[in-house]
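Worksheet: the structure to be examined is printed underneath.
Protein chains: 2
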Amino acid sequence: MLRVASEQTDGHSLDGLMADMGRRARAAARILANAPAHQKDAALIAAARELRRQTAALLAANVMDMDDAITKGVKGAFLDRLTLTDNRIEAIAKAVEDIAALHDPVGRVLAEWTQPNGLRFERVSTPLGVIGVIFESRPNVTADAGALCLKSGNAALLRAGSESFRTSSVIAEAMRAGLLAVGLPEDAIKLVPTRDREAVGLMLAGLDGNIDVIVPRGGKSLVARVQSEARVPVFAHLEGICHVYVHTKADLAMAVSVVLNAKLRRTGVCGSAETLLIDKAVAQTHVKPLVLALLEKGCEVRGDAATMAVDSRVTPASEIDWSTEYLDAIIAVKVVDDLDAAIDHIERFGSHHTESIITDDASAAEAFLARVDSAIVLHNASTQFADGGEFGFGAEIGIATGRMHARGPVGVDQLTSFKYRVHGSGQTRA
Amino acid sequence: MLRVASEQTDGHSLDGLMADMGRRARAAARILANAPAHQKDAALIAAARELRRQTAALLAANVMDMDDAITKGVKGAFLDRLTLTDNRIEAIAKAVEDIAALHDPVGRVLAEWTQPNGLRFERVSTPLGVIGVIFESRPNVTADAGALCLKSGNAALLRAGSESFRTSSVIAEAMRAGLLAVGLPEDAIKLVPTRDREAVGLMLAGLDGNIDVIVPRGGKSLVARVQSEARVPVFAHLEGICHVYVHTKADLAMAVSVVLNAKLRRTGVCGSAETLLIDKAVAQTHVKPLVLALLEKGCEVRGDAATMAVDSRVTPASEIDWSTEYLDAIIAVKVVDDLDAAIDHIERFGSHHTESIITDDASAAEAFLARVDSAIVLHNASTQFADGGEFGFGAEIGIATGRMHARGPVGVDQLTSFKYRVHGSGQTRA
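Protein sequences appear in the order of chains A and B. Number 437 marks the last residue of the first sequence (this note's numbering); no jumps. Number 437 marks the last residue of the second sequence (this note's numbering); no jumps.
Structure, rendered in structure tokens:
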């Protein structure tokens, strides 16, 4: 029988509860680290089955969460993200099955060589350990993140936003049922069983070394808090101020097509373009058609003097616009002197996330891709490809802009570490 | 002319001085990131030449450091590590040249694939950025660490122990002269120009995001402080409590040979074995010869009851011995029930550094290598191979036991991150 978690700490202090969760997660991670791929995949398939079986319970829990949220005045996109339907539950279950179908990221031989003394070295992928995931309104993160962690042999400690607490609890129990069904420790996926906000602080402190990395999933204020307070590594991006640079040798039709897609395909994703840089040498021919195409599609355009000159609907861009992630149908447009100026602008105002150059000049493209210090740099393609699925990773737990360990889309392979396995025949060191 | 840095902050506050160093290092790192391999190598060769040319200045600075240290009562191994000689200066210069001769770790294509829409993806190695190195008495770290960072396209901010401050300053100026000689920014290698201990705290706080990773080089108290206070990632190991497990199917002669080497080749290195675990099934035949061999070589043996029974010179091991890094000719010996018990002991008392199994049984070896969660796991080989040079990395900046980014010996390849370069022909996302 599926237990629907109630919010309780069983008489324990929050500190004690969280410390215990950390220890249990570490113990579960040890077992999961050596679980064979078929067992992890079977757990995921059993979890998907359980998610479908619990559709009624999920919808009931979700109605309670929604009622509370509406009472608190929550509305719009936030409320939509919180909402479950039959179709969304099916999509959640299907996503878990899709993760089961991915390759096993653990145990891959990443490198192999033999030294003159006969020692054979292998660098082999291993799980990271225990991953803390802190998220906001989307209850599906419980399944997605839990499944990605399980697939990569990691234990997951999940902290749901208080608005989705009941829904997330039911999802977490289904995931744990999947683990139990195949004989894996259910502690490998655990939702923090309380809305107490102090729990987040305890996770960020690392639970006595029992959390190896934190992944925040949510808005900028959540990510900023996690990045500023966490005492453990964080896989995240604070914002995606993505640029498209239209170079001297850009094909105008391609530039228009890519810019419209980069800005407007979806405006609320981190890979959407926020600033368009146009090379001075093609300003005469390229600025107007690009700006008109954007305006025609309903995009607000804020520009420098050269951009404002082409259409009266362009409003002036102020200094703050160059470092603003609009996440909306607004774009800042600037004419830059040359490739160097474009790269300098991106370095100064960008967020090291995703940038694209449009050009037919291979050496200009090469220079841009080499010198722009972002996780993802593209040539003649939309910034909206900044997505683990589009990379072929199958699924991602997020996109990271830090330089340590994971950078860009964080898929199952990025949720692993490695060890060195050394095979000898009695070698001693001279 | 080579400036010998004096300890001064030029009238600036320490905060201002350090913040300025961080900004300059970041600017230098941007340039270094795109410097071609031949230019970086030429800088290293010029630095080696300058080190040799400055032999007299180095020895003079070193005499002043030594005099101060002796006055403060410093002696023994610490004083020895501080000491420079003609031969040691030559060795430092040679080590810098050896690093120049390594492959370029930047710009390697780590993976490459094409998606059905024609987008071609490359994962390419990039420098990490700015590396902070905090070290104690060995002035050669200024050259070694500076050279490894330069080779990997990173800027280095170096903090010397106060005892080696003058010597390290001269070395740092020689490294900077090498950079200048080839037109690279000298800010790419910078020694903190003050002994003020507050400088360490400012580095650990990350200098406003201008330090990407900290590498401590020194004793346990330094590493512990860095690990506990750093707000940026750290590549380090706190201790190396390394184990050798003599399995049921161990060849006795090989076991004796490997154990003697693992413990006694050098006792002060992190890869030296501190605990010997012997399988109960071979206790009758293997414990006595192993213990006698160790005793004969002058190693103190602390053992459990079964070990004490074989020779009266074995003293009792207490609980603390299992988690002690002796760094001396002392070993703790325990008879364990089986492979599982050995792995559990290592998990409970070890430091995730380096462990070895001695066995002729391939499946036992496979289980040990898979299940022991250490950076380096060996089969039939000495734990003293835990060294970047022995791995074929050419040189290492240290050994890491964390699971993030770098694990095991940290060579030039581990001092890089990566970016995704995506090559398109006008693709937009559906």
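C-beta atoms are modelled at their ideal positions from N, C-alpha and C, and glycine is treated no differently.
* **Contact with chain B by A:Arg224, beta-carbon distance below 9 Å** => So, not an interface residue.
* Residue nearest to B:His359 in terms of C-alpha spacing, selected from A:Phe425, A:Val298, A:Met28, A:Thr90 -> Looking at the Cα atoms, A:Phe425 is the closest of the given residues.
* Can you round the beta-carbon distance between A:Leu58 and A:Ala98 to whole angstroms, since I take them to be within the 8 Å contact cut? -> Not really, about 10 Å apart at Cβ, beyond 8 Å.
* Does A:Asp111 get closer than 9 Å to chain B when you measure Cβ to Cβ? -> Residue-level contact by beta carbon fails for A:Asp111 and chain B, as no gap is shorter than 9 Å.
* chain A residues whose Cβ lies nearer than 9 Å to that of B:Ile383 -> Against B:Ile383, the close residues of chain A are Lys426, Tyr427, Arg428, Val429, in the order they occur along the chain (beta-carbon pairs closer than 9 Å).
* Asked: Beta carbon of B:Gly401, beta carbon of B:Asp105: below 9 Å?
  -> Yes, they are a contact pair.
* **Selection of the region 151-163 of chain A by Cβ proximity to chain B, strictly under 9 Å** => Residues passing the 9 Å Cβ filter: none.
* Starting from the beta carbon of A:Pro240, find every residue of chain B whose beta carbon is closer than 7 Å, and list them in chain order. => Those within 7 Å of A:Pro240 in chain B are Pro240, Met411.
* Asked: How many Å lie between A:Asp286 and A:Gly216 at the Cα?
  -> Roughly 50 Å between the two C-alpha positions.
* Leaving aside the five residues before and after A:Arg10 along the sequence, list all residues of the same chain whose C-beta is less than 7 Å from its C-beta, in chain order. => Annotation note: pLDDT 45 at A:Arg10 (below 50); position unreliable, coordinate value reported separately. Within its own chain, the residues whose Cβ lies closer than 7 Å to the Cβ of A:Arg10, once the five positions on either side in sequence are excluded, are Glu180, listed in chain order.
* Asked: Does the region 351-365 of chain B come close enough to the region 259-268 of chain B that 3 or more CB-CB pairs lie under 8 Å?
  -> Segments in contact, yes.
* **Endpoints, the beta strand (DSSP E) within which B:Thr282 is located** => B:Thr282 -> beta strand (DSSP E) spans 280-286.
* Checking contacts by CB at 9 Å: is A:Val233 closer than that to chain B? -> No, A:Val233 does not count as interfacial toward chain B.
* Asked: Should the region 335-354 of chain A be regarded as contacting the region 268-282 of chain A, the criterion being three or more beta carbon pairs within less than 8 Å?
  -> The answer is yes - the region 268-282 of chain A touches the region 335-354 of chain A, with three or more Cβ pairs under 8 Å.
* Closer than 9 Å to chain A by CB, B:Phe128 -> For B:Phe128, the answer is yes, since a Cβ of chain A falls inside 9 Å of its Cβ.
* Name the chain B residues whose beta carbon is nearer than 7 Å to that of A:Trp120? -> Among the residues of chain B, those whose CB is under 7 Å from the CB of A:Trp120 are Gly399, following chain order.
* Cutoff 8 Å; reference A:Ala68; Cβ partners in own chain excluding five residues on either side -> Cβ within range, chain order: Val11, Arg173, Thr174, Ser176, Val177.
* Taking only runs of the beta strand (DSSP E) that begin and end inside the region 54-139 of chain B, which ones reach a length of at least 3 residues, in chain order? -> You should have 116-121, 127-134.
* To do: List the residues that DSSP assigns as beta-bridge partners of A:Glu307.
  => A:Glu307 pairs with A:Ile337.
* From what residue to what residue does the alpha helix (DSSP H) around A:Ile178 run? -> Element bounds for A:Ile178: 172-188.
* Asked: Using a beta-carbon distance below 9 Å, is B:Glu303 in contact with chain A?
  -> Using a CB distance cut-off of 9 Å, B:Glu303 does not count as an interface residue toward chain A.
* **When A:Asn147, A:Val379, A:Gly125, A:Ser370 are compared against A:Arg95, the one with the closest alpha-carbon** => When A:Asn147, A:Val379, A:Gly125, A:Ser370 are compared, the shortest CA-CA separation from A:Arg95 is found for A:Asn147.
* Of all the CB atoms in chain B, is at least one closer than 9 Å to the CB of A:His250? -> With its beta carbon at least 9 Å from every one in chain B, A:His250 lies outside the interface.
* Step through the CB atoms of chain B and report whether any lies within less than 9 Å of the CB of A:Arg378. => So, interface residue.
* What's the gap between the Cα of B:Leu198 and the Cα of B:Ala26? -> Their Cα atoms are separated by approximately 14 Å.
* Nearest-angstrom Cβ-Cβ length linking B:Pro134 and B:Ala36, presumed shorter than 8 Å -> Indeed, because the Cβ distance is near 7 Å, the residues count as touching under 8 Å.
* **C-alpha distance - B:Leu155 paired with A:Ser20, whole-angstrom precision** => The straight-line gap from Cα to Cα measures roughly 48 Å.
* To do: Quick one: using the 10 Å Cβ neighbour count with 16 as the cut-off for buried, is A:Met8 buried or exposed?
  => Any reading at A:Met8 must be qualified, since the residue scores a pLDDT of 38, below 50, and its modelled position is unreliable; no value is offered.
* **Three-state secondary structure assigned by DSSP to B:Ile196** => Of the three classes helix, strand and coil, the one that applies to B:Ile196 here is strand, per DSSP.
* Checking contacts by CB at 9 Å: is B:Phe356 closer than that to chain A? -> Cβ-Cβ to chain A under 9 Å: no for B:Phe356.
* **Sequence-distant residues of its chain with Cβ nearer than 7 Å to A:Ala374 (five each side left out)** => Once the five neighbours on either side are set aside, the close Cβ partners of A:Ala374 are Leu346.
* To do: Could you spell out the range, first to last residue, of the alpha helix (DSSP H) harbouring B:Ala402?
  => Premise fails: B:Ala402 is in no alpha helix (DSSP H) and is neither H nor E.
* To do: Starting from the Cα of A:Ala55, find the closest Cα among A:Ile77, A:Lys82, A:Leu165, A:Gly185 and give me that residue.
  => Measuring from the Cα of A:Ala55, the nearest candidate turns out to be A:Gly185.
* Taking C-alpha atoms, which residue in A:Asn387, A:Gly415, A:Val429, A:Glu403 lies nearest to B:Asn124? -> Among A:Asn387, A:Gly415, A:Val429, A:Glu403, the Cα nearest to that of B:Asn124 belongs to A:Asn387.
* Asked: Do you know whose CA, among A:Val317, A:Trp329, A:Met210, lies nearest A:Gly23's CA?
  -> Sorting A:Val317, A:Trp329, A:Met210 by C-alpha distance to the C-alpha of A:Gly23 places A:Met210 at the top.
* Unbroken alpha helix (DSSP H) run spanning A:Phe392, endpoints -> Unbroken run through A:Phe392: none, as it is neither H nor E.
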